[in-house]
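To start, the structure under review is shown below, and the notes come after it.
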Amino acid sequence: MKELIAIFQMLALLLQSVTSLGYQQEDIIIHNYRQKVYLLEARIQSGAEIKSALAQDSVFGFETIGQMGRRTQAAAAVNGMFFDDLGSPAGLLCENGHWIRLTDIGTPALVIEDKPSIQEVQVKAFWRTGERSAEIFAYNIGAFPGQTNVFTREYGNTNRVFRPQVSYRIENNVVTARYLVEEPVEIGKDLLFTYLLPEDTNPEVLDWQQLPMEIPIYEIGQEIWLDFQVTNQAGVKINPKNVYQTGGWLIQAGQINARSYETFIGYTTSLQPRTAVGLDQQGNLFFLVADGRQKQIAEGLSGQWLAEVMSQFELTNAAYLDGGASSAMWLKNGLVNTPAYFNKIDGKEIAHTILLNRIWLQP
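Sequential numbering of the sequence shown, starting at 6, is according to the working numbering.
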């Protein structure tokens, strides 16, 4: 490890000397394996901006990191959250104060407030109108019986519900339209509330006053609000700007905490391309991409080795981002790493990308 420490001490000095873009690439040897690593550092307090992009601006879909970087005119980008076969990001997702996904996968999240943090957070959502309120359990994940099913514009043009339903379109916290139908309803620019009716219901002959008692009746012009309660790992309420849930801990409270098995991502012992995010005591964010699956050039890293590499930057916390063929780092001129994917220009199509702007802007 002495050679690795020396290389990263030199790398840290190089990064400190760069003021226009906190980027560096190094060839290293770790545990007798060759490896290529790529690093971006974002100094939030000096003007670096962190945001993200969804493929197709939707919770369903795929784009390459290059497509999302160019579309958003980002200065740099790394692959972000894990995702499923439909291109749906896994875990909590909030962008610019707007909640997109509320499904907690039980892992730490990258949280952007006034200062960034990597911590475990809990989120609950509630609707309220007048003196009535209730918790929301189905948010941009489909429609389920007995639930207030909430959809935002990121879900798509419609709620994709092909069965009897009651739906309310809400704009600026006011009901602007309501539907008693059995075909998909357009979501609109803000929100759609959907309540499923029994499948044998005929909406054409059903009157609004004949709805089952568990289905609320809202009038056009009625105010309906969404409230989000976000608490950090200390149980303190916070109001984050951005939240991106990760795959699991690598470093926690300054100590390596990489496990051989993570509940969400599974075994971490094989050598694979990896992407990680870390935070130092000064509040600087580090994004690291490691190539892999390239014999004698870049074998890849296990979770433990990834944590060892990240620890050389004296990070307080670090966590997994998506890895494997998804691992990619992009600057304005294109990919800087060599992804384990046949498209070496733009990389694999993914669901979510973390974008960096104004990197290392000096005060």
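Using N, Cα and C, we set each Cβ at its ideal position, and we do this for glycine too.
Practice prompt. Report the rounded CA-to-CA distance for R279 versus H357, giving the unit in angstroms.
Written response: 15 Å
For G92 and N145, what's the separation of their Cα atoms in angstroms? 13 Å
Taking the DSSP output, what are the residues bridged to F269? BP columns for F269 are empty, so no partner.
When you compare only the Cα positions, how much space is there between G111 and V126? 9 Å
Notebook entry, point to check: In whole angstroms, what separates the C-alpha of L224 from that of D90?
Noted result: It should be pointed out that residue 224 corresponds to Glu in this sequence rather than to Leu. Distance between the alpha carbons of E224 and D90: 39 Å.
_What does DSSP give as the partner residue(s) for L361 in the beta ladder?_
I55 and A81
- Query: Out of G288, E159 and F142, which has the shortest C-alpha to C-alpha gap to E100?
  - Reply: E159
- prompt: What separation, rounded to the nearest whole angstrom, lies between the Cα atoms of Y272 and L326?
  reply: 15 Å
>> Please classify N164 as buried or exposed, where buried requires at least 16 neighbouring CB atoms within 10 angstroms.
In response: buried
Contiguous beta strand (DSSP E) assignments of at least 3 residues, all confined to the region 218–305
230–236, 247–250, 254–257, 279–285 and 289–295
| Across which residues does DSSP place G345 in a beta bridge pair? | Residue 345 is actually Ala in this sequence, not Gly. DSSP output for A345 lists no bridge partner at all.
Q | Through-space distance from G147 to D205, alpha-carbon basis | A | 20 Å
- Item | Rounded straight-line distance, which links the Cα of G283 to that of V248 | 14 Å
Problem set entry | Span separating the alpha-carbon of S22 from that of N348 | No answer about S22 holds up, because its pLDDT of 37 lies below 50 and its placement is not dependable.
So, helix, strand or coil for M334, using DSSP?
strand
- What is the C-beta distance between A47 and L336, in whole angstroms, given that I count them as a contact (C-beta under 8 Å)? About 13 Å separates the two Cβ atoms, so there is no contact after all.
Notebook entry, point to check: Below 7 Å between beta carbons: does that hold for V210 and P189?
Noted result: no
query = Between the C-alpha atoms of L216 and D62, what's the straight-line distance to the nearest angstrom?
reply = 35 Å
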